[in-house]
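Asks:
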Amino acid sequence: MAGFWLTMYVLVERRHPMKRRFLHTVGVALIAFPPNSVHEHISYHTIGFGLGVLQAVVYFQLKKKEI
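Below, the structure is given as structure tokens:
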């Protein structure tokens, strides 16, 4: 859900330039989801975040005219 929301913010928001939107997104992600440790394996949360990003890109492409 968070990956979807953050990606949609970057793709939909037009009041700020792309660089600023991206920096906002990275800042919110680091505050809301701070890395507590680094492991060699990938957690399910990372996979879920990545799937949310992928779904947001697909959704945006399909609904671009409506948005």
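Numbering (our numbering) for the sequence shown: 111 to 177. For every residue, glycine included, the Cβ atom is placed at its ideal position computed from N, Cα and C. Everything numeric in this text was worked out from a predicted model, so none of it was measured.
Look up M118 in the DSSP assignment and say whether it is helix, strand or coil.
Replies: Indexing the sequence shown from 1 puts residue 118 at position 8. Helix.
Asks: Starting from M128, trace the alpha helix (DSSP H) in both directions and tell me its first and last residue.
Replies: The residue you call residue 128 lines up with position 18 of the sequence shown. Start and end: 128-142.
Asks: I need the DSSP call for I177, collapsed to helix, strand or coil.
Replies: In the sequence shown, the residue the question calls residue 177 occupies position 67. I177 carries a coil assignment under DSSP once its states are collapsed to helix, strand and coil.
Asks: For the alpha helix (DSSP H) containing H155, list its first residue and its last residue.
Replies: Your numbering for residue 155 matches position 45 in the sequence shown. Taken as a continuous stretch (DSSP letters only), the alpha helix (DSSP H) holding H155 covers 154-172.
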